[in-house]
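Contents: one structure, followed by commentary.
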Amino acid sequence: MKAMYKLILILILIVTAANLFAAEKKIDRVEVIMERITHDSVTHLFTVWFGYYNPNSVAITIPVGEENYLSVQENMGQTTVFLPGRRVDAFSVTVELPHDDAKGSITWKLRTTGAVPAGFSSATAATSMAFHNVDTDLDGVIDNDDAYPNDHDRSYDTYSPGLNMFGTLAYEDLWPDKGDYDLNDMVLDYNYKMVTNSSNYIKDIYGTFKLRAVGASKVNAFAIEFPFLLSNIDMTQFVSLNGTQPYTMTFTDVSPYCILTVINSTNELITVPGNGVYWNTQMDQPKFPEVNLSFRITFINPINPNLMPYSAPFNPFIIADRVAGKEVHLPGMKPTALADPAWFGLGDDDTQVSAGKYYKTRNNLPWAIHIPVSFKYPIERKQITEAYLGFKPWAESGGTSNQNWYLLTPNQIDMNNIYNK
Ligand SMILES: [Ca+2]
Ligand SMILES: [Ca+2]
Ligand SMILES: [Ca+2]
5 MKAMYKLILI LILIVTAANL FAAEKKIDRV EVIMERITHD SVTHLFTVWF
55 GYYNPNSVAI TIPVGEENYL SVQENMGQTT VFLPGRRVDA FSVTVELPHD
105 DAKGSITWKL RTTGAVPAGF SSATAATSMA FHNVDTDLDG VIDNDDAYPN
155 DHDRSYDTYS PGLNMFGTLA YEDLWPDKGD YDLNDMVLDY NYKMVTNSSN
205 YIKDIYGTFK LRAVGASKVN AFAIEFPFLL SNIDMTQFVS LNGTQPYTMT
255 FTDVSPYCIL TVINSTNELI TVPGNGVYWN TQMDQPKFPE VNLSFRITFI
305 NPINPNLMPY SAPFNPFIIA DRVAGKEVHL PGMKPTALAD PAWFGLGDDD
355 TQVSAGKYYK TRNNLPWAIH IPVSFKYPIE RKQITEAYLG FKPWAESGGT
405 SNQNWYLLTP NQIDMNNIYN K
């Protein structure tokens, strides 16, 4: 009986030892890891580096097959012998993947037989990850942030007054007299797009103008002075009239600035109704479609916008009656080198070059206005002050009061005096 006890005890000890031995042999799951993905801008192939972590103290072998495969193709030369510990960049695969987030991915799946936890460990690389860091054109701006990911010279677009938004420039051509002061003798909407490089220097300027009204019996010209050298402009510029029609704009060198004549003569762009009828300023007359003019200026050496003395809409002006030097600018903007100063101080004009006062009356009323939205201008021969009641206090205050004068605010406007077709 005692011997029997001993035997049982020995058997229990053997079983316990066997159990302990078996516990020591428990296998932990090998975890696969996606290290990184890169994109080659020349071959357009993606390279994915995978690694792993084998928490066991011994090497684990998992052959290629149902328990060790890649999603794109079962055998891509992946690791089969997993050494103990963490292994970075155990292998890489170079693949052509769709650039589309939904389809563009590769997954490595691995199951360690008998391991805890059971099931597959997997690691996925998606093309979208690659583009988070890829700078295809090597301009220093990653593709995700680069409006021109394949153009080293261009990175960002900025707009003035905003994307798909237009501002208005409106002129009175009877300067230096106030005349009828309807400020509709030439009305243009504008939008500028600036293309900048990775240093935020301007590479291209796209100007889009819409001629909306010509409430004038005079034939005027419209030009813009830009604060940069003509010699820095790539002359293979693009100019368009209504998108397709041939049209010419000319540059004039007034170094260190230059002048672009956008409209040489309004008569080249519109059919003058004649007999006291003006173009888009009379409610009882048909409305003509606006004339679209656009240009692109590309710089040989990109320009630091912070060094420009003025920015969009730059220094736009009309040449009244197309008389050489008879420039009418926005209030406070300087005349160009081609302006004839003999006009200053005549009529209602109170330009005082020495005081830095340009194109204003004694009461600070202007002959040109710039509005940051597309603006409803006065009808023919109605003073702007009678269309927009806030205009006069705004102008006389030097722009500090009634800053929203141009909005169609009830009690602040007279719609009978505003062109609204
Ligand atoms: Ca880039
Ligand atoms: Ca770029
Ligand atoms: Ca007019």
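Note that the sequence shown covers residues 5 to 425 in our numbering.
All C-beta atoms in this analysis are idealised placements derived from N, C-alpha and C, irrespective of residue type, glycine included.
Original post:
Which ranges does the alpha helix (DSSP H) cover as unbroken runs of at least 4 residues, wholly within the stretch 383-408, from first to last along the chain?
Top reply: Considered as a whole, the stretch 383-408 harbours 388-391 and 395-400 as its complete alpha helix (DSSP H) runs of no fewer than 4 residues, in chain order.
Subject >> Per DSSP, cross-strand counterpart(s) of Phe54 >> reply: Taking the sequence shown and counting its residues from 1, one reaches residue 54 at position 50. In the DSSP output, where bridge partners are listed per residue, Phe54 has Met38 and Phe95.
Original post:
If you compare alpha carbons, which of Met337, Tyr314, Met38 and Tyr163 is closest to Tyr56?
Top reply: Start at 1 with the first residue of the sequence shown, and residue 56 comes out as number 52. That would be Met38, whose Cα lies nearest to the Cα of Tyr56.
Original post:
With respect to the alpha helix (DSSP H) encompassing Thr116, which residues constitute its N-terminal and C-terminal limits?
Top reply: Here residue 116 refers to the residue found at position 112 of the sequence shown. Here Thr116 belongs to no alpha helix (DSSP H), and DSSP marks it neither H nor E.
Subject >> heavy atom of ligand 1 below 7 Å from Asp157 C-beta >> reply: Here residue 157 is taken as the residue at index 153 of the sequence shown, counted from 1. No, ligand 1 has no heavy atom inside 7 Å of this Cβ.
Original post:
Asp177: buried (16+ other C-beta within 10 angstroms of its C-beta) or exposed?
Top reply: For this step, residue 177 is matched to residue 173 along the sequence shown. Buried.
**OP:** State yes or no: is the C-beta of Thr42 nearer than 7 Å to some heavy atom of ligand 1?
**Re:** Residue 42 sits at position 38 when you count from the first residue of the sequence shown. Outside the cutoff, so no.
**OP:** For Gly219, count neighbouring Cβ atoms within 10 angstroms of its own Cβ and tell me buried if that reaches 16, exposed if not.
**Re:** Indexing the sequence shown from 1 puts residue 219 at position 215. Around the beta carbon of Gly219, 16 or more other beta carbons lie within 10 angstroms, which makes this residue buried.
**OP:** For the beta strand (DSSP E) containing His333, list its first residue and its last residue.
**Re:** Within the sequence shown, residue 333 is the residue found at index 329, counting from 1. Note, His333: beta strand (DSSP E), Glu331 to His333.
Original post:
Roughly how many angstroms lie between the CA atoms of Ile301 and Val36, to the nearest whole one?
Top reply: Position 297 of the sequence shown holds residue 301. Position 32 of the sequence shown holds residue 36. Those two C-alpha atoms are separated by around 53 Å.
Subject >> Simplified DSSP state of Asp352, which is helix, strand or coil >> reply: In the sequence shown, residue 352 corresponds to position 348, counting from 1. If DSSP states are grouped into helix, strand and coil, Asp352 belongs with coil.
Original post:
So Pro382 packs on Asn421, CB below 8 Å; how close in whole Å?
Top reply: Stepping through the sequence shown from its first residue, residue 382 is reached at position 378. Stepping through the sequence shown from its first residue, residue 421 is reached at position 417. The pair is a contact, with the Cβ atoms about 5 Å apart (cut-off 8 Å).
**OP:** Between the Cα of Gly144 and those of Phe95, Asn201, Pro180 and Tyr175, spot the shortest distance and give me the residue it belongs to.
**Re:** Residue 144 sits at position 140 when you count from the first residue of the sequence shown. For Gly144, the nearest C-alpha among the options comes from Asn201.
Subject >> Residue of Pro153, Val68 and Asn195 minimising C-alpha distance to Phe318 >> reply: Stepping through the sequence shown from its first residue, residue 318 is reached at position 314. Phe318 has its Cα closest to that of Asn195, out of Pro153, Val68 and Asn195.
**OP:** Would you kindly check if the distance between the Cβ of Asn72 and the Cβ of Asp32 is under 8 Å?
**Re:** Looking up residue 32 in the sequence shown gives position 28. Looking up residue 72 in the sequence shown gives position 68. Taking a C-beta distance under 8 Å as the contact criterion, Asp32 and Asn72 do not qualify as a contact pair.
**OP:** From the DSSP output, read off the bridge partner residues of Met190.
**Re:** For the purposes of this step, residue 190 is taken as the residue at position 186 of the sequence shown. According to the DSSP secondary-structure assignment, Met190 is paired through a beta bridge with Tyr175.
Original post:
When you compare only the Cα positions, how much space is there between Asp186 and Tyr175?
Top reply: Here residue 186 corresponds to residue number 182 of the sequence shown, with the count starting at 1. Here residue 175 corresponds to residue number 171 of the sequence shown, with the count starting at 1. Taking the straight line joining both Cα atoms gives about 9 Å.
Original post:
Should Val332 and Tyr362 be called a contact, given that it needs their Cβ atoms to be closer than 8 Å?
Top reply: Residue mapping note: residue 332 aligns to position 328 of the sequence shown, counting from 1. Residue mapping note: residue 362 aligns to position 358 of the sequence shown, counting from 1. Going by C-beta atoms, Val332 is not nearer than 8 Å to Tyr362.
**OP:** Grab me the residues of Asn506's own chain with a C-beta within less than 7 Å of its C-beta, minus the 5 sequence neighbours each way, in chain order.
**Re:** One cannot answer for residue 506 here, as it falls past the ends of the chain, which runs 5 to 425.
Subject >> Cβ-based burial, Pro345 [other Cβ within 10 Å; buried from 16] >> reply: Position 341 of the sequence shown, counting from 1, holds the residue named residue 345. Burial check for Pro345: the Cβ neighbour count within 10 Å stays below 16, so the residue is exposed.
Original post:
In chain order, what are the residues with a CB under 5 Å from some non-hydrogen atom of ligand 1?
Top reply: Working through the chain, the matches are Asp139, Asp141, Asp143, Val145 and Asp150.
Original post:
Do you know offhand how far Phe232's Cα is from Ile267's?
Top reply: To locate residue 232, count along the sequence shown from 1; it is residue 228. To locate residue 267, count along the sequence shown from 1; it is residue 263. Near 20 Å, if we compare the C-alpha coordinates of Ile267 and Phe232.
Original post:
DSSP beta-bridge partners for Phe321?
Top reply: Numbered from 1 along the sequence shown, position 317 holds the residue referred to as residue 321. In the DSSP assignment, Phe321 is bridged to Ala227 and His333.
Original post:
How long is the line joining the alpha carbons of Thr98 and Asp147, rounded to whole angstroms?
Top reply: For this step, residue 98 is matched to residue 94 along the sequence shown. For this step, residue 147 is matched to residue 143 along the sequence shown. Roughly 20 Å separates the two Cα atoms.
Original post:
Using CA coordinates, which residue listed in Tyr251, Leu411, Thr404 and Thr240 is at the minimum distance from Leu393?
Top reply: Along the sequence shown, one-based indexing puts residue 393 at 389. Nearest C-alpha to Leu393: Leu411.
**OP:** Just the C-alpha distance for Asn415 and Glu272, rounded to the nearest angstrom, thanks.
**Re:** Numbered from 1 along the sequence shown, position 411 holds the residue referred to as residue 415. Numbered from 1 along the sequence shown, position 268 holds the residue referred to as residue 272. Cα atoms of Asn415 and Glu272: separation of roughly 39 Å, rounded to the nearest angstrom.
**OP:** Report the residue from Val191, Glu100, Trp398 and Thr51 whose alpha carbon sits nearest the alpha carbon of Ile322.
**Re:** Counted from its first residue, the sequence shown places residue 322 at position 318. Comparing Cα positions, the closest option is Val191.
Original post:
Taking DSSP as the reference, what is the three-state secondary structure of Leu311?
Top reply: Reading the sequence shown from its first residue, position 307 is the one you call residue 311. Leu311: helix per DSSP, three-state reduction.
Original post:
Is it buried or exposed for Leu215, if we count other Cβ within 10 angstroms and need 16 for buried?
Top reply: Here residue 215 refers to the residue found at position 211 when the sequence shown is read from its first residue. Of the other Cβ atoms in all chains shown, 16 or more fall within 10 Å of the Cβ of Leu215; this residue is therefore buried.
Subject >> Pocket of ligand 3 (residues with CB nearer than 5 Å to any heavy atom), chain order >> reply: The filter returns Asp186, Asn188, Asp189 and Gly219, in chain order.
Original post:
Residues in its own chain within less than 6 Å of Arg366 by CB, not counting five upstream and five downstream?
Top reply: Counting from 1 along the sequence shown, the entry for residue 366 is found at position 362. These residues qualify, in order along the chain: Asp354.
**OP:** Determine the direct distance from the alpha carbon of Phe303 to that of Ser75, and round the result to whole angstroms.
**Re:** In the sequence shown, counting from the first residue as 1, residue 75 sits at position 71. In the sequence shown, counting from the first residue as 1, residue 303 sits at position 299. When only Cα atoms are considered, Ser75 and Phe303 end up about 48 Å apart.
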